[in-house]
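Worksheet for the structure shown next.
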Amino acid sequence: MHRARGHDVVNGCGRFAPSCTGKAHPGTLLSALLAWLDARQKNLSFLLRYEDLDPDRCRAYFGIHLSEAMTWLGLDWDQEEKQTDHIQRYEQACDSLADHGVLYACSCSRSAIRAVAERTSDGSYRYPRTCREQLVTKATWRTCPWPLRVCIADDVEMGDPVVRRRDGAFSYQLAVVVDDAEAGVTRIVRGSDIYPSTTTQRALQQLLGYAQPSYQHHFLLLEPDGEKLAKLHQSISWSSLSSSMSAGEVCAFLANCAGIPVESSTCTPKDLLDVFSWDMITCTDQTVLWQDGRLQKI
Ligand code: GLU
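Adding 19 to a residue's 1-based position in the sequence shown gives its number in my numbering.
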């Protein structure tokens, strides 16, 4: 138990873990708001973790942008960290997986996998374990030129996850599990687009002997064409949003999309703490439109 800044004694930790791959958009703010409301209402501490491991797509200035957008909306957090500071942890986790005899080098090309693999519900490919016998050890995995995978239970839909890429970058699936455990995260709130990864992450937690957090996945905001709002396709960014809407208006808009009753056209995240409950949060994705400098729900 520890004392979170400005809050009462807490006995757990929630988090928001945005990838630093683009600018904050309304979907980012929605996810941050719901994770914050959940943590603050349960009196958990709240961690902001920048997921910045992918050298091709992540930029430090996106992290700065994300935290500015959160502060603007009225969110706060007790600690922050970035994944590129945690390489040693991921290496130790790989040592441990190698010791368990479940870490292997995968020399299959993408096209070879695509030719034979089953598709999963999120459209990716379930690796058919072709290279399962190519185990690596604590002494050999670091110099392996191939992606490294972990053999996990057969019933995990996504199949054996890559934990280290060919270019040496540790994967999201490994890093998220290691970091949540290291930070003592007990509660994970995130978009339903990540739901298919949850069983993979639970399997990794089990192999690494970590405690299992509880999960809550929430609805998504969609573009009018049905695509989810995403940093990568440059959905309306917080910079444009904040030039014509106030933080209070955006907060009330997001609350309204979520199904949280708000009496006025502006509010702060703190105003929502008394009324927020998961029972009232919609399970249906909501389509939003940016028109004449306003966010609109359609
Ligand atoms: N970094 C992921 C994203 O921005 C979220 C990771 C997580 O919440 O587990 O979509």
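The C-beta atom is built at its ideal place from N, Cα and C for all residues, glycine as well.
- Three CB pairs or more closer than 8 Å across the stretch 225-245 and the stretch 193-201: yes
- Hey, which residues come within less than 6 Å of the ligand GLU, measuring from Cβ to any heavy atom, in chain order? Ala36, Pro37, Ser38, Glu70, Val195, Arg209, Ile213
- Query: Under a Cβ-count criterion, where at least 16 other Cβ atoms within 10 Å of its own Cβ denotes burial, should Tyr80 be classed as buried or exposed?
  - Reply: exposed
- Query: How is Ser130 classed by DSSP in three states: helix, strand or coil?
  - Reply: Correct three-state label for Ser130: helix.
- Query: By the 10 Å Cβ neighbour count, where 16 or more other Cβ atoms means buried, how is Pro166 classified, buried or exposed?
  - Reply: buried
- Can you tell me which of the three DSSP states Ala188 falls into? coil
- Query: Mapping DSSP to helix, strand and coil, what is Arg161?
  - Reply: helix
- In this structure, does DSSP put Gly228 in helix, strand or coil? coil
- Task: Put Tyr234 into one of helix, strand or coil per three-state DSSP.
- Result: strand
- Message: Which of the three DSSP states is assigned to Trp309 in this structure?
- Response: Trp309 falls in the strand class under three-state DSSP.
- Classify Gly120 as buried or exposed, calling it buried when 16 or more other Cβ atoms lie within 10 Å of its own Cβ. exposed
- Item | N-terminal and C-terminal residue of the alpha helix (DSSP H) that Cys276 is part of | 266-277
- Message: Between Pro147 and Met177, how many whole angstroms is the CB-CB distance? I'm expecting something under 8 Å.
- Response: So it is not a contact: roughly 13 Å between Cβ atoms.
- Item | DSSP state of Tyr214 mapped onto helix, strand, coil | helix
- Measure the C-alpha to C-alpha separation of Ala277 and Lys61 and round it to an integer number of angstroms. 19 Å
- Query: If you drop the 5 nearest sequence neighbours on each side, which residues of the same chain put their C-beta closer than 6 Å to that of Val339?
  - Reply: Outside the displayed span of the chain (20 to 317) sits residue 339, for which this structure offers no information.
- Item | Straight-line Cα distance separating Leu193 from Ser233 | 18 Å
- Query: Can you check whether the CB of Leu239 is closer than 7 Å to the CB of Asp304?
  - Reply: yes
- Is the stretch 97-105 touching the stretch 66-77 in the sense that three or more CB pairs, one from each, lie closer than 8 Å? yes
- How far does the alpha helix (DSSP H) with Tyr109 in it reach, from first residue to last? For Tyr109, the enclosing alpha helix (DSSP H) stretches over residues 106-118.
- List the endpoints of the continuous beta strand (DSSP E) containing Lys247. Neither: Lys247 is in no beta strand (DSSP E) and is coded neither H nor E.
- So, are the CB atoms of Ala188 and Val155 less than 7 Å apart? no
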